[in-house]
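Worksheet for the structure shown next.
See the structure below:
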């Protein structure tokens, strides 16, 4: 990892927004924090909002009430976002009495009514999760990438992946015989799969943070740093502000500071605030365990006991 200019020396984690700070972690309601953030100041807003599932840190309400609350908050996001800025909104499904409500469909209208532009609907595919009995088990969530205007930051080179066929050449036309690819790699597409050795597919298949993940904390819906890191690298420049309104245990902030961006987040739960602070300090000290963005997920070889058919099943 290269030396980060912003963090050559330990930086203070501010508890309230300051324009000259590098890291801000606010303990409290996001709407209160947003009142202190200037217009047109943030380059990227990236988060996984509460899903209205009635978990310990959520208060379950009717879906319409939930969406109306989120609509009002998103209006403030639009205000603080730079004209060249983007929002990456990572959501799954809300399930009520066995019926699935795909939240990305509902959120699409919220962002569009503000005049924003959908650039990609990214599929995040992961290999592990809850096993359903009355429907197919969910193994993906979505990231809605909206830009505020038609002019937006997009840096492809930092997130390119190795081409599967780098020697491929144009077979006709004016460029016949010339190499057709890019020496820096290819576009990772809009499907991110952690089970792939590269980003060849249009799905981002990145391992979700379960019990054996090196980044795991007590947060039940923690997302991996590498998921946010791709967004940070592609949609911001160094020294830009990255904001996570539902910061949880600080994964988005870590993805930002790791890549020499300024980071701010808000979080209501004091336990998560404390963990986020500890993780940021550990990162600055070089002791935080992170899964590298370019690391492929382990594929079973068939020699592992857990990948073999159990003796009890072999005669069935």
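Numbering (my numbering), first residue to last: 14 to 329. Quick reminder that beta carbons are idealized off the backbone N, C-alpha and C, glycines included. Quick caveat, the model's predicted, so the values are computed rather than measured.
Is residue 178 buried or exposed, if buried means 16 or more other CB atoms sit within 10 Å of its CB? Burial call: exposed.
Endpoints, the alpha helix (DSSP H) within which residue 87 is located: That run of the alpha helix (DSSP H) goes 76 to 93.
Label residue 254 either buried or exposed according to how many other C-beta atoms from any shown protein chain fall within 10 Å of its C-beta, with 16 as the threshold for buried. That one is buried.
Same chain, Cβ closer than 6 Å to residue 132, five either side skipped, listed in chain order: Residues of the same chain with a CB within less than 6 Å of the CB of residue 132, apart from the 5 flanking positions on each side, are 158 and 160 in chain order.
Local conformation of residue 55 per DSSP, three classes: DSSP places residue 55 in strand when its eight states are reduced to three.
Distance, residue 123 Cα to residue 156 Cα: If you take the alpha carbons of residue 156 and residue 123, they lie about 15 Å apart.
Leaving out the 5 sequence neighbours to the left and right, which residues in its chain are closer than 6 Å to residue 46 when beta-carbon positions are compared? Closer than 6 Å at the Cβ level, and outside the excluded window around residue 46, lie 39 and 279.
Cα-Cα separation between residue 164 and residue 56, rounded to whole angstroms: Going by the C-alpha atoms only, they are around 12 Å apart.
Does the region 276 to 291 come close enough to the region 244 to 264 that 3 or more CB-CB pairs lie under 8 Å? When Cβ pairs closer than 8 Å are counted between the two stretches, the region 244 to 264 is seen to touch the region 276 to 291, the count reaching three or more.
Under the DSSP definition of a beta bridge, which residues are partnered with residue 129? In the DSSP assignment, residue 129 is bridged to no other residue.
Using the three-state DSSP reduction, which class does residue 257 fall into: helix, strand or coil? Annotated three-state conformation of residue 257 is strand, per DSSP.
Check this for me: beta carbons of residue 108 and residue 257, under 9 Å apart or not? Not closer than 9 Å, so no.
Could you pull the start and end residues of the alpha helix (DSSP H) that residue 271 belongs to? Segment 264 to 271, the alpha helix (DSSP H) holding residue 271.
Is the region 125 to 139 close to the region 85 to 100, with three or more CB pairs under 8 Å? In short, these stretches touch, since the Cβ pair count reaches three.
Name the one or two DSSP bridge partners that residue 39 has. In the DSSP output, where bridge partners are listed per residue, residue 39 has 279.
Hey, out of 106, 190 and 51, whose CA is closest to residue 89's CA? Closest option to residue 89, Cα to Cα, is 51.
Check whether residue 61 and residue 104 have beta carbons under 9 Å apart: In contact: residue 61 and residue 104 (Cβ atoms closer than 9 Å).
Excluding sequence positions up to five away, which residues of its chain have a Cβ less than 6 Å from the Cβ of residue 197? Hits under 6 Å: 170 and 173.
On the DSSP letters alone, give me the boundaries of the beta strand (DSSP E) that residue 239 sits inside. Residue 239 -> not in any beta strand (DSSP E); alpha helix (DSSP H) instead, spanning 238 to 248.
Using only alpha-carbon positions, find the residue among 79, 36 and 167 that is nearest to residue 63. By alpha-carbon distance to residue 63, the top candidate from 79, 36 and 167 is 79.
Cβ distance (whole Å) where residue 111 is taken to contact residue 147 below 8 Å: About 6 Å; that satisfies the 8 Å criterion.
Write down the C-beta distance between residue 293 and residue 26 rounded to the nearest angstrom, noting that I regard them as a contact closer than 8 Å. Their Cβ separation, rounded to whole angstroms, is 6 Å, which keeps residue 293 and residue 26 in contact under 8 Å.
Under the assumption that residue 242 contacts residue 271 (Cβ atoms under 8 Å), give the Cβ distance between them as a whole number of angstroms. That pair is a contact at about 7 Å.
Taking DSSP as the reference, what is the three-state secondary structure of residue 294? Of the three classes helix, strand and coil, the one that applies to residue 294 here is helix, per DSSP.
Using the rule of at least 16 other Cβ atoms within 10 Å of the residue's Cβ for burial, across every protein chain shown, is residue 44 buried or exposed? Note on residue 44: under 16 other CB atoms within 10 angstroms of its CB, so exposed under the neighbour-count rule.
For residue 124, the three-state DSSP class (helix, strand or coil): The answer is helix: DSSP assigns residue 124 an H, G or I state.
How many angstroms separate the CA atom of residue 273 from the CA atom of residue 28? Going by the C-alpha atoms only, they are around 20 Å apart.
Might you give, ordered along the chain, the residues of its own chain that have their beta carbon closer than 8 Å to the beta carbon of residue 290, omitting 5 neighbours on each side? Only 26, 38 and 263 meet the Cβ criterion.
Put residue 46 into one of helix, strand or coil per three-state DSSP. Three-state result, residue 46: helix.
Nearest-angstrom Cα distance between residue 137 and residue 202? Whole-angstrom Cα-Cα distance: 11 Å.
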